[in-house]
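Trainee: Residue numbers (our numbering), protein chains in the order written: chain A, 677 to 1112; chain B, 6 to 501; chain C, 840 to 965. One structure follows; several queries about it will come next.
If you want it as structure tokens, here you go:
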């Protein structure tokens, strides 16, 4: 044995075996039936040195193309301050476990409390949990929370204007969990309040899920939605893009009972899909229906203000099959990422990012539609993402990719969903328009 | 140690007018957001300068304890070394700056990583194929149970709504089963700490979807009757699920696929060295046997003649096995990348040394400490074992006290009060990363604490003494929940 | 030793009912509060909700445990003990003195399936 991750020398091994009273390492598996002992070889390469590993991944990395990103669909290319990766790499954060031992985990517990506070501010909700895996599963957890909150109703409604991958995840969870999941029709790219009313008033509805901005980037008008839900004791659930909430009317202001979404937009790397983190907020009344970890304030034996994991009686390690959810982790490190991001950007920077993204998207939209080769599909207010129709969509898309630009996400046969963030320069935008 | 000048909460360092960011000038012209779409009041986020933010979080970190700080014998959590090279590779721009919806021809390198680790994990576990999509162990459990349920449903075998879970199982097992809509049936353990095959037999019938097992189990014991259990479960038409929380000791020794498991999940943050990050992100890949491949969630990476490709969902009105998405994209890619780096660092041969060395360390600690600590099941253990508190119960010193006293000596505590089979459970898992010197130091300290418990029990009962804070008031936190800074301010004002 | 009071009806899941005419006062026993430890939250139904015998009507949480409340009788909730919302610890102080819900009994014959003080005391001693 001779590997940098394995400290045992042959003498160590011999001394330890002697102490245990066993002849060789094989003897440690004496009770494992011979028939299931693994005696072959794993189908893996030989060990690589660090230099070889670097070379290997450099070569793999070259098979990816780094494109100037105008794609969104829930994942946005925002600017990340250099402070964040630097602080995140501190191994006291990186290599610690869930903060069960509060006496030596105040770092984690403090920043989770800060995270909860900031997310509650951003969403305009009373409280937030310590984070979820990501946005789609957070939405599914909200669906189940609504289902359990209601004693009799078993139906959850979702607007057709939810992103496709969120709908996909909801359908999977609903199928197995026994939730009846029904769509609410969209008209002109937004949720139909009429249709929603009709379905809620028919009864049996435990919750209603909408998205802001919606799958087309449109800012929807939810006036009256919360009342429609609350009249029939259904929970109103709003999924939002976290960074946009610096300016947008909040889920709290719309009267949401639960607010969920992804925090990737808070400067997290796009990272080919993860890790991100989700958030989940509620009114004070529904505090104990939230899944996942929650950190609260308390005091210690020396009378100091300290923080600790709390409301644990909701959780799987205590309630087992009666838990509100099976979730036992939070995305702590990504929550720290977002917390430092919000501390760096602060009250003003968060608004500036949102406004610049908004302006840049509207500028691009104006330039594209002025060519008359692209047309805005829905004439509705949008934030930093919009849907256009273009005859030559595929040719344009391929040309852009050849020029190092990811021009958006293809939708249907002739549409393109385009997102712009504060990271895009005027030159990049003009180049994209020039390709049309 | 923590410098109090920089405040306990970032909000307390905020001053209107300060900023820690810089952005380019907005050159896009002003486009006003309609008032009806705008929030009425700003979010009360902090306003600080950059150095204040850096010092604040640096000070936070100094109140934490990670694997890089010291020995972390946290049972069931496999707190092994998290190699630094993993971090370097996972921060390469060629991987971090990819949008998940880029055309496949522009992400061939990323897909190759995913495909290769699917194959590597399949080989290590003896399964036919693997999905990397689940975001954590619990998410993997849920995914695995969904696969089992789908398999029965597809065959029209809809009576199978129950899943058997041992009484020693992690709480997540029954919770995942419940989320999947399955009813939990508990099977008892024998006095030797293994699944009681005689108790299992009468539970098996045509209503059983499957059985979940952790092997080695949560007591650190290998379920040696596994061939018989697999046969019994399969004979009744059920499928066998492997909770991979304790896979580490089996690296180089045995594979779940060879034991008869049909579905497994792995915790890349345990066995495959990715950092725990204070509670996440993790990654919980799920492996399946041949007949269950069609039930793997989408999207899924495959290899074709033209290169790597993604099998994606067809969006249908109703749920279908062809449209079974469990998350946004292809899992926690950067975590997967770290695990792949780890596997390549160890390679085919050294990875086989992991299990035996982890097992050696655990048995060595157990043998050295069983004179002072109560060992309820005195047998060969695998990667971890469970003490039932101090042997001498007359001192009144509890497992909690011993755990807290360990913090004073610079060790993380073991997992305590789990499994529920013993009142004073103390679960110790050293992992293969720890040298004999470190382990001898820990053993010595545990003996010192046992001596303190006999001679100066109050010293142990009041521990910890040297940590930044003392024992916390859990009851106050739960009785009077204060979960945000806004609530904290409100509470202080109402007290005045 | 946990306290048991004469004249009440007891369930195996450690709830009691005190009957006065057609009204039942449902709470948890001293044994139950002892087993749970420091109670931090009581989840109660709303007035006018129907409760059914042996069905969950709420839950009790302590710091390290949680337990569902099972109704020993069927009926309609006519009052919930709002004092427990602010001070759930009252159950630790005096479990029998603090009922959780007040129910209009719909079937008094269900009472005969419950234990009396003596039977419950023996049940707890097992």
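Just so it is clear, CB atoms sit at the ideal spot from N, CA and C, and this is done for glycine as well.
(1) Are residue 942 of chain A and residue 1034 of chain A touching if we call contact CB-CB under 8 Å?
(2) Closer than 6 Å by C-beta to residue 1050 of chain A: which residues in its own chain qualify, once you throw out the five before and the five after it? Chain order, please.
(3) Looking at chain A, which residues of the region 901-912 of chain C have a Cβ within less than 8 Å of any of its Cβ atoms?
(4) If the cut is a Cβ gap below 7 Å, which residues of chain C does residue 480 of chain B touch?
(5) Grouping DSSP H, G and I as helix and E and B as strand, with all else coil, what is residue 499 of chain B?
(6) Could you spell out the range, first to last residue, of the alpha helix (DSSP H) harbouring residue 938 of chain A?
(7) Might you give, ordered along the chain, the residues of its own chain that have their beta carbon closer than 8 Å to the beta carbon of residue 459 of chain B, omitting 5 neighbours on each side?
(8) For residue 328 of chain B, go through chain F and note every residue whose CB falls closer than 9 Å to its CB, in chain order.
(9) Just to confirm my understanding: we take residue 816 of chain A, look at its own chain, exclude 5 residues before and 5 after, and list those with CB closer than 6 Å. What are they?
(10) So that I know if they touch, is there some Cβ in chain A lying closer than 8 Å to that of residue 882 of chain C?
(11) Is residue 4 of chain B helix, strand or coil when you go by DSSP?
(12) Using DSSP bridges, identify the partner residues of residue 856 of chain A.
(13) So what's residue 909 of chain C in DSSP terms, helix, strand or just coil?
(14) Assign residue 848 of chain C to one of three DSSP states: helix, strand, or coil.
(15) Evaluate contact between the region 326-334 of chain B and the region 354-362 of chain B, counting only Cβ atoms and requiring at least three cross-stretch pairs below 8 Å.
(16) Check each residue of the region 745-763 of chain A: if its Cβ is closer than 8 Å to any Cβ of chain C, include it; give the result in chain order.
(17) Identify, in the order they occur along the chain, each residue of the same chain with its Cβ nearer than 7 Å to the Cβ of residue 6 of chain B, setting aside the five sequence neighbours on each side.
(18) At what residues does the alpha helix (DSSP H) containing residue 782 of chain A begin and finish?
(19) So which residues on chain C does residue 964 of chain A lean against when the C-beta distance must stay under 8 Å?
(20) Report the neighbours of residue 78 of chain B on chain A: residues whose CB is nearer than 9 Å to its CB, in chain order.
(21) Please name the residues in the region 1017-1032 of chain A whose beta-carbon is closer than 8 Å to at least one beta-carbon of chain C, in chain order.
(22) Counting Cβ pairs closer than 8 Å, one from the region 185-202 of chain B and one from the region 220-236 of chain B, do we hit at least three?
(23) Within 10 angstroms of the Cβ of residue 782 of chain A, are there 16 or more other Cβ atoms? Answer buried if so, exposed if not.
(24) What residues in the region 461-494 of chain B bring their beta carbon closer than 7 Å to a beta carbon of chain C?
(25) Just by C-beta distance, which residues in the region 1056-1072 of chain A are closer than 9 Å to chain C?
(26) Given that residue 998 of chain A touches chain C, what residues does it touch there, using C-beta distances under 8 Å?
(27) Do residue 919 of chain C and residue 886 of chain C come within 8 Å of each other at the CB atom, strictly closer than that value?
(28) Pull out every residue of the region 126-137 of chain B whose Cβ sits closer than 9 Å to any Cβ of chain A, in chain order.
(29) Please decide whether residue 901 of chain A counts as near chain B, where near means a Cβ-Cβ distance under 8 Å.
(30) Beta-carbon within less than 7 Å of residue 225 of chain B's beta-carbon, same chain only, minus the 5 sequence neighbours each way: which residues are those?
(31) Mapping DSSP to helix, strand and coil, what is residue 767 of chain A?
(32) Taking 8 Å as the threshold (beta carbon to beta carbon), is residue 713 of chain A in contact with chain C?
(33) Return helix, strand or coil for residue 850 of chain A, following the three-state DSSP convention.
(34) Which of helix, strand or coil does DSSP assign to residue 120 of chain B?
(35) Of the choices B:402, B:211, B:448 and B:432, whose alpha-carbon is the least far from that of residue 465 of chain B?
(36) So the candidates are A:699, A:718 and A:930; which of them puts its Cα closest to the Cα of residue 258 of chain B?
Mentor: In short:
(1) As a position in the first chain, residue 942 of chain A is number 266, starting the count at 1. As a position in the first chain, residue 1034 of chain A is number 358, starting the count at 1. One thing to note: residue 942 of chain A has its Cβ no nearer than 8 Å to the Cβ of residue 1034 of chain A.
(2) In the first chain, the residue the question calls residue 1050 of chain A occupies position 374. Cβ neighbours of residue 1050 of chain A within its own chain (closer than 6 Å, five residues either side excluded): 1044, 1064 and 1066.
(3) If the cut-off is 8 Å between Cβ atoms, the region 901-912 of chain C has 901, 902, 903, 904, 905 and 907 near chain A.
(4) Position 475 of the second chain, counted from the first residue, corresponds to residue 480 of chain B. Neighbours of residue 480 of chain B in chain C, taken as residues whose beta carbon is under 7 Å from its own, are 877, 879 and 902 in chain order.
(5) Residue mapping note: residue 499 of chain B aligns to position 494 of the second chain, counting from 1. Collapsing the DSSP output to three states places residue 499 of chain B in a helix.
(6) As a first step, residue 938 of chain A is located in the first chain; it is residue number 262 there, counting from the start. That residue, residue 938 of chain A, is in no alpha helix (DSSP H); its beta strand (DSSP E) goes 934-938.
(7) On the second chain, residue 459 of chain B is found 454 positions in, with the first residue counted as 1. Cβ neighbours of residue 459 of chain B beyond the five flanking positions: 397 and 400.
(8) No chain F is present in this structure, whose protein chains are A, B and C.
(9) As a working mapping, residue 816 of chain A is identified with position 140 in the first chain. These residues qualify, in order along the chain: 845, 846 and 849.
(10) Position 43 of the third chain, counting from 1, holds the residue named residue 882 of chain C. Closer than 8 Å to some Cβ of chain A, the Cβ of residue 882 of chain C qualifies, so yes.
(11) The first residue shown for chain B is 6 and the last is 501, placing residue 4 of chain B beyond what the model contains.
(12) As a first step, residue 856 of chain A must be located in the first chain, where it is residue number 180. The secondary-structure analysis by DSSP pairs residue 856 of chain A across a beta bridge with A:831.
(13) Position 70 of the third chain, counting from 1, holds the residue named residue 909 of chain C. Strand at residue 909 of chain C.
(14) Counting from 1 along the third chain, the entry for residue 848 of chain C is found at position 9. Residue state, collapsed to three classes: strand.
(15) Flag = no, the region 326-334 of chain B and the region 354-362 of chain B do not touch.
(16) With the criterion set as a beta carbon lying under 8 Å from some beta carbon of chain C, the region 745-763 of chain A has no members that meet it.
(17) What you label residue 6 of chain B is simply residue 1 of the second chain in a count that begins at 1. Reliability fails at residue 6 of chain B, whose pLDDT of 45 lies under 50, so the model's placement of it is uncertain and no value is given.
(18) Sequence index remark: in the first chain, residue 782 of chain A carries index 106 (1-based). Counting along the chain, the unbroken alpha helix (DSSP H) around residue 782 of chain A starts and ends at 782-799.
(19) Counting from one through the first chain, the residue named residue 964 of chain A turns up at place 288. Chain-order list of chain C residues neighbouring residue 964 of chain A: 880, 882 and 900, by C-beta distance under 8 Å.
(20) Residue numbering aside, residue 78 of chain B sits at position 73 when the second chain is read from its first letter. Residues of chain A with a Cβ closer than 9 Å to the Cβ of residue 78 of chain B do not exist, since the nearest Cβ in that chain sits about 11 Å away.
(21) Here the close residues number zero.
(22) These segments touch.
(23) Looking up residue 782 of chain A in the first chain gives position 106. Flag for residue 782 of chain A reads buried.
(24) Within the region 461-494 of chain B, the qualifying residues are 479, 480, 483 and 484.
(25) Going along the region 1056-1072 of chain A in chain order, one finds no residue with a Cβ nearer than 9 Å to chain C.
(26) Along the first chain, read from residue 1 onward, the residue named residue 998 of chain A stands at position 322. Neighbours of residue 998 of chain A on chain C, chain order: 905 and 907.
(27) Taking the third chain and counting its residues from 1, one reaches residue 886 of chain C at position 47. Taking the third chain and counting its residues from 1, one reaches residue 919 of chain C at position 80. Residue 919 of chain C is positioned such that its CB atom lies closer than 8 Å to that of residue 886 of chain C.
(28) Cβ contacts with chain A come from 127, 128, 129 and 131.
(29) Numbered from its first residue, the first chain carries residue 901 of chain A at position 225. Output row for residue 901 of chain A: interface = no.
(30) Position 220 of the second chain, counted from the start, is the residue given in the question as residue 225 of chain B. 367, 386, 387, 388, 389, 390 and 391, listed in sequence order.
(31) Within the first chain, residue 767 of chain A is the residue found at index 91, counting from 1. Here residue 767 of chain A sits in helix by DSSP.
(32) The residue given as residue 713 of chain A occupies position 37 in the first chain. No, its Cβ sits nowhere closer than 8 Å to a Cβ of chain C.
(33) As a position in the first chain, residue 850 of chain A is number 174, starting the count at 1. For residue 850 of chain A, the secondary structure class from DSSP, reduced to helix, strand or coil, is helix.
(34) In the second chain, counting from the first residue as 1, residue 120 of chain B sits at position 115. Here residue 120 of chain B sits in helix by DSSP.
(35) Sequence index remark: in the second chain, residue 465 of chain B carries index 460 (1-based). The candidate whose alpha carbon is nearest that of residue 465 of chain B is B:402.
(36) By one-based count along the second chain, residue 258 of chain B stands at place 253. Minimum Cα distance to residue 258 of chain B is reached at A:718.
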